[in-house]
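Asker: In this text, residue positions in the sequence shown follow this note's numbering: the first is 9, and each later residue adds one. Ideal Cβ positions, reconstructed from N, Cα and C, are used throughout, including at glycine. From a predicted model like this one, the values you see are computed outputs, not experimental measurements.
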Amino acid sequence: MAARPIDPSLFSSSLRRLGAAHRTDAERVPLARARGRVLAEAIVVAGADGARLPSGHRLFPADLGTLAARGLADVPCARRPTVAVFSSGDALRPPGQALGAGERHDAARPVLLALLQAMGLDPVAWPILPGDPQRAASALHDAAQAFDLVIACSEADGEGASRLSALIDGAIAAPFGERAPRAVLLVLPNDPVRLEAIWAATGEALIDAMQGVAGGLAPECDVAEVAAWVARGARFYDVREAEEHRLGMPEGTEPLPLSALEAGTASLPPQGAPLLLICARGRRSQRAAALLRERGFDEVASVRGGFDAWRSAGLPLASGGASAATSTFDADALARYDRHLRLAQVGAAGQQRLMASRVVLVGAGGLGSPAAFYLAAAGVGTLVLVDDDRVERSNLQRQILHTDAAVGSPKVASARDRLLALNPRLRVEGVEARLSPENVEALLRGADVVIDGSDNFATRYLVDAACRELALPLVYGAVERFTGQVSVFDAGRQRGRAPCYRCLFPEPPGADAAPNCAEAGVLGVLPGLIGMLQATEALKLLLGIGDPLVGRLLTVDALGMRFRELALPADPDCPGCGAHAVFDGYAAIETFCASR
Ligand SMILES: [Zn+2]
Numbered sequence: 009m010a011a012r013p014i015d016p017s018l019f020s021s022s023l024r025r026l027g028a029a030h031r032t033d034a035e036r037v038p039l040a041r042a043r044g045r046v047l048a049e050a051i052v053v054a055g056a057d058g059a060r061l062p063s064g065h066r067l068f069p070a071d072l073g074t075l076a077a078r079g080l081a082d083v084p085c086a087r088r089p090t091v092a093v094f095s096s097g098d099a100l101r102p103p104g105q106a107l108g109a110g111e112r113h114d115a116a117r118p119v120l121l122a123l124l125q126a127m128g129l130d131p132v133a134w135p136i137l138p139g140d141p142q143r144a145a146s147a148l149h150d151a152a153q154a155f156d157l158v159i160a161c162s163e164a165d166g167e168g169a170s171r172l173s174a175l176i177d178g179a180i181a182a183p184f185g186e187r188a189p190r191a192v193l194l195v196l197p198n199d200p201v202r203l204e205a206i207w208a209a210t211g212e213a214l215i216d217a218m219q220g221v222a223g224g225l226a227p228e229c230d231v232a233e234v235a236a237w238v239a240r241g242a243r244f245y246d247v248r249e250a251e252e253h254r255l256g257m258p259e260g261t262e263p264l265p266l267s268a269l270e271a272g273t274a275s276l277p278p279q280g281a282p283l284l285l286i287c288a289r290g291r292r293s294q295r296a297a298a299l300l301r302e303r304g305f306d307e308v309a310s311v312r313g314g315f316d317a318w319r320s321a322g323l324p325l326a327s328g329g330a331s332a333a334t335s336t337f338d339a340d341a342l343a344r345y346d347r348h349l350r351l352a353q354v355g356a357a358g359q360q361r362l363m364a365s366r367v368v369l370v371g372a373g374g375l376g377s378p379a380a381f382y383l384a385a386a387g388v389g390t391l392v393l394v395d396d397d398r399v400e401r402s403n404l405q406r407q408i409l410h411t412d413a414a415v416g417s418p419k420v421a422s423a424r425d426r427l428l429a430l431n432p433r434l435r436v437e438g439v440e441a442r443l444s445p446e447n448v449e450a451l452l453r454g455a456d457v458v459i460d461g462s463d464n465f466a467t468r469y470l471v472d473a474a475c476r477e478l479a480l481p482l483v484y485g486a487v488e489r490f491t492g493q494v495s496v497f498d499a500g501r502q503r504g505r506a507p508c509y510r511c512l513f514p515e516p517p518g519a520d521a522a523p524n525c526a527e528a529g530v531l532g533v534l535p536g537l538i539g540m541l542q543a544t545e546a547l548k549l550l551l552g553i554g555d556p557l558v559g560r561l562l563t564v565d566a567l568g569m570r571f572r573e574l575a576l577p578a579d580p581d582c583p584g585c586g587a588h589a590v591f592d593g594y595a596a597i598e599t600f601c602a603s604r
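1) Quick one: what's got a C-beta closer than 6 Å to CYS511's C-beta in the same chain, skipping five residues either side?
2) If you compare alpha carbons, which of GLY485, LEU284 and LEU391 is closest to SER462?
3) Under DSSP, the beta strand (DSSP E) around SER495 begins and ends at which residues?
4) Less than 7 Å separating the Cβ of ARG510 from some heavy atom of ligand 1?
5) CB-CB under 8 Å to LEU550, same chain, minus the five flanking residues each way: which ones, in chain order?
6) Can you tell me which of the three DSSP states GLU545 falls into?
7) Excluding the 5 residues preceding and the 5 following VAL564 in the sequence, name in chain order all residues of the same chain whose CB lies nearer than 6 Å to its CB.
8) Are there 16 or more other CB atoms within 10 angstroms of the CB of HIS253, so buried, or fewer, so exposed?
9) Is the beta carbon of GLY438 sitting closer than 8 Å to the one on GLY539?
10) When the Cα of ALA506 is compared with those of PHE490, PRO481 and GLU488, which residue comes out closest?
11) Determine the DSSP secondary structure at GLN142, reduced to helix, strand or coil.
12) Are the beta-carbon atoms of VAL91 and LEU157 separated by less than 8 Å?
13) Is it the case that the stretch 232 to 244 contacts the stretch 289 to 304, given that we only count it when at least three CB pairs across the two stretches are under 8 Å?
14) Can at least three beta-carbon pairs, one atom from the stretch 304 to 323 and one from the stretch 284 to 291, be found at a separation below 8 Å?
15) Please report the Cβ distance between VAL399 and LYS419, rounded to the nearest whole angstrom; I am assuming they are in contact, meaning their Cβ atoms lie under 8 Å.
16) For PHE591, count neighbouring Cβ atoms within 10 angstroms of its own Cβ and tell me buried if that reaches 16, exposed if not.
17) Over what stretch of residues does the beta strand (DSSP E) that includes ARG361 continue unbroken?
18) For ASP498, does the count of other Cβ atoms within 10 angstroms reach 16, so buried, or fall short, so exposed?
19) I need the straight-line Cα distance from PRO278 to LEU269, nearest angstrom please.
20) Shortest alpha-carbon distance to GLU446 belongs to which of ALA474, PHE465 and ALA339?
21) For GLY454, does the three-state DSSP call read helix, strand or coil?
22) Using a 10 Å radius around the Cβ and a threshold of 16 neighbouring Cβ atoms, would you call MET569 buried or exposed?
23) May I ask you to check if the CB of PRO580 is nearer than 7 Å to at least one heavy atom of ligand 1?
24) For SER320, count neighbouring C-beta atoms within 10 Å of its own C-beta (all shown protein chains included) and say buried if the count is 16 or more, exposed if not.
25) What I want to know is whether the C-beta of GLY371 ends up closer than 7 Å to one or more non-hydrogen atoms of ligand 1.
26) For CYS229, list the residues DSSP reports as bridge partners.
27) Leaving out five residues before and five after VAL558 in sequence, what residues of the same chain have Cβ atoms less than 7 Å from its Cβ?
28) Kindly list the residues whose CB is nearer than 7 Å to the CB of GLY454, restricted to its own chain and excluding five residues on each side of it in sequence; keep chain order.
29) Are ARG489 and CYS585 touching if we call contact CB-CB under 8 Å?
30) Are the beta-carbon atoms belonging to THR411 and LEU443 less than 8 Å from one another?
31) How would you call VAL354, buried or exposed, if buried means at least 16 neighbouring beta carbons within 10 angstroms?
32) Near HIS588, which residues of its chain fall below 8 Å by C-beta distance, leaving aside the five closest residues on each side in sequence?
33) Candidates PHE315, ALA281 and ALA317: which alpha carbon is nearest ARG301's?
34) Based on the DSSP output, what are the partners of ASP555 in its beta bridges?
35) Less than 7 Å between the CB of CYS585 and some heavy atom of ligand 1, yes or no?
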């Protein structure tokens, strides 16, 4: 459905205003101070017959002489703001590029492109997934952390636009109070007449936002320059929040959390000295700089790339920081778990929780391999592997913990070697034993989560019973041929509300009805897929985040590549967890399974 293109010349007066706004708001940096520094992505030398210094240009004394000869004491050199544009249409596809599946032609595209190009901006396009508000919100949130300005486009005003507007508000209220300087919703209808009618308001919003961006940025300094600034008397502040300070602070910083600055509760630095501000990535320090300038601090700079850049450059962190948590995260842990520490849902507290956790994996085979690998990588502190098998060559098609060289050795030994090679911080306890009525409680006791990766019904029923008795969450997975299933059983902790394994399979099927992998065969990747889903559920349970697969059975059909979810409520008549269930001990379960 191609709409009539809109002629950007309709909006030429707005374009002229935008261009003017950008140029007049550029920072003017005194030349003497600019010597030798990378000033900006591009510097236009005003009044110098169109002279333009290339992107990333470093000013040298010769340049200063040339500029001084032209009577210029300073140069306008704002860093070019970065802009992300959200659109469910093709708003930012280069002309002529084919539309992707589900995309539609966006008549407002030439206008938006012309507007942004008039500002000298190359926007980055972020697609919005229509009808998936959660993913749209998280994409907006990510953009708000990374860009100076986030523009969200909607082709309709009314309900769709107010939903998007609410998403923007939600997205910029980030976990640590981090925010984009500006986020703006532009309503750009496909109908040129409608667009013209509402343009005045839309254009104003964009101009305001652009002026905020162009005028609000503090000068930036590289992490390598910090020491020189401090030597010249600058004071160095870390504007991240207290819980982030616990992960380590750049050496020489004092804490000055942005939230306290915003709330007006921070004790302000002494006047007179230049201030250097650092945050995680260089966005919040800009916000803090703006607040400090409002309070009369003239010389405020932001450290480009923030704490990330500081760490990447291998610069020193303050030792013995604010709390005991600092000592938990040595340099190795900070680097190793970096991507977890960035997640608000994990963070320092969550990672510490993982590091203090104990997960028992029953079976170090097809399901246990990927599950153990990822739990080890994630930093789960103690992994207990229970398996009495030795590695056979026929295992290697799917049991990726084991190598060809390990054929013939005990699986738990082979698994231990590989897991410690991945993450030497772990404690791996290999138990070379078959799970039995006698040892099941002793092996599972003390676990935070149990992962069932066994290949026989007797073991599954024993593990299920012990998890009920010991009140442990059990992450179940099973594979056969091209299909698999995953669920979380938690009847031990949530009797009557969460199902157990026997709510699904009250009794083991006869041997002919339920062949195992050895008999039926299995596509090699399938246990990988299911085992990783089990690891995902285990991490969620350990962290207490998200919705665990409790009361739901996820089935995977690899041939059709279909994932289906079945409701699996607790069965009131379940022989394991129902109201009339009787537990006769583990030996009775083994006998009962053997009789099938
Ligand atoms: Zn049950």
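Answerer: Looking at the atomic coordinates:
1) Position 503 of the sequence shown, counted from the start, is the residue given in the question as residue 511. Hits under 6 Å: ALA578, ASP579 and CYS582.
2) Numbered from its first residue, the sequence shown carries residue 462 at position 454. That would be GLY485, whose Cα lies nearest to the Cα of SER462.
3) The residue you call residue 495 lines up with position 487 of the sequence shown. Its beta strand (DSSP E) spans residues 491 to 497.
4) Against the sequence shown, residue 510 aligns to sequence position 502. Yes, Cβ of ARG510 sits closer than 7 Å to a heavy atom of ligand 1.
5) Translated into the one-based positions of the sequence shown, residue 550 becomes position 542. For LEU550, where only same-chain residues beyond five positions count, the Cβ hits under 8 Å are ARG361, LEU362, SER365, VAL367, VAL388, ASP456 and VAL457.
6) Taking the sequence shown and counting its residues from 1, one reaches residue 545 at position 537. Residue state, collapsed to three classes: helix.
7) One-based indexing of the sequence shown puts residue 564 at position 556. Cβ neighbours of VAL564 beyond the five flanking positions: GLY492 and PHE571.
8) Within the sequence shown, the letter at position 245 stands for residue 253. Answer is buried; the Cβ neighbour count reaches 16.
9) Working through the sequence shown from its first residue, we reach residue 438 at position 430. Working through the sequence shown from its first residue, we reach residue 539 at position 531. Result no, Cβ atoms of GLY438 and GLY539 do not sit closer than 8 Å.
10) Walking along the sequence shown from the start, residue 506 turns up at place 498. The candidate whose alpha carbon is nearest that of ALA506 is PRO481.
11) By one-based count along the sequence shown, residue 142 stands at place 134. Here GLN142 sits in helix by DSSP.
12) Working through the sequence shown from its first residue, we reach residue 91 at position 83. Working through the sequence shown from its first residue, we reach residue 157 at position 149. Their beta carbons are under 8 Å apart, which means VAL91 touches LEU157 by this criterion.
13) no
14) yes
15) Sequence index remark: in the sequence shown, residue 399 carries index 391 (1-based). Sequence index remark: in the sequence shown, residue 419 carries index 411 (1-based). With a Cβ gap of about 6 Å, VAL399 and LYS419 count as contacting.
16) Numbered from 1 along the sequence shown, position 583 holds the residue referred to as residue 591. So PHE591 counts as exposed.
17) Position 353 of the sequence shown, counted from the start, is the residue given in the question as residue 361. Taken as a continuous stretch (DSSP letters only), ARG361 belongs to no beta strand (DSSP E), being part of the alpha helix (DSSP H) at 355 to 363.
18) Within the sequence shown, the letter at position 490 stands for residue 498. So ASP498 counts as buried.
19) In the sequence shown, residue 278 corresponds to position 270, counting from 1. In the sequence shown, residue 269 corresponds to position 261, counting from 1. Near 14 Å, if we compare the C-alpha coordinates of LEU269 and PRO278.
20) Here residue 446 refers to the residue found at position 438 when the sequence shown is read from its first residue. Of ALA474, PHE465 and ALA339, the residue nearest in Cα terms is ALA474.
21) By 1-based counting over the sequence shown, the position of residue 454 is 446. GLY454 falls in the coil class under three-state DSSP.
22) Taking the sequence shown and counting its residues from 1, the one referred to as residue 569 is at position 561. Exposed is the call here.
23) What you label residue 580 is simply residue 572 of the sequence shown in a count that begins at 1. Result no, Cβ not under 7 Å from ligand 1.
24) Translated into positions along the sequence shown, residue 320 becomes position 312. Exposed, because fewer than 16 other Cβ atoms sit within 10 Å of the Cβ of SER320.
25) Working through the sequence shown from its first residue, we reach residue 371 at position 363. No; taking the cut-off as 7 Å, the Cβ of GLY371 has no heavy atom of ligand 1 nearer than that.
26) If you number the sequence shown from 1, residue 229 lands on position 221. DSSP output for CYS229 lists VAL311 as bridge partner(s).
27) As a first step, residue 558 must be located in the sequence shown, where it is residue number 550. If we look at VAL558 and ignore the five residues flanking it on each side, its Cβ neighbours are VAL496, ASP498 and ALA506.
28) Counting from 1 along the sequence shown, the entry for residue 454 is found at position 446. Hits under 7 Å: ARG366.
29) On the sequence shown, residue 489 is found 481 positions in, with the first residue counted as 1. On the sequence shown, residue 585 is found 577 positions in, with the first residue counted as 1. The answer is no: Cβ separation not under 8 Å.
30) By one-based count along the sequence shown, residue 411 stands at place 403. By one-based count along the sequence shown, residue 443 stands at place 435. For THR411 and LEU443, no; Cβs fall outside 8 Å.
31) Reading the sequence shown from its first residue, position 346 is the one you call residue 354. The residue in question, VAL354, is buried, as its Cβ has 16 or more Cβ neighbours within 10 Å.
32) For the purposes of this step, residue 588 is taken as the residue at position 580 of the sequence shown. Once the five neighbours on either side are set aside, the close Cβ partners of HIS588 are ASP581.
33) Within the sequence shown, numbered from 1, the residue matching residue 301 stands at position 293. Checked all of PHE315, ALA281 and ALA317; the closest Cα to ARG301 is ALA281.
34) Within the sequence shown, residue 555 is the residue found at index 547, counting from 1. Looking at the DSSP assignment, ASP555 forms no beta bridge with any residue, so it has no partner.
35) Along the sequence shown, read from residue 1 onward, the residue named residue 585 stands at position 577. Result yes, Cβ under 7 Å from ligand 1.
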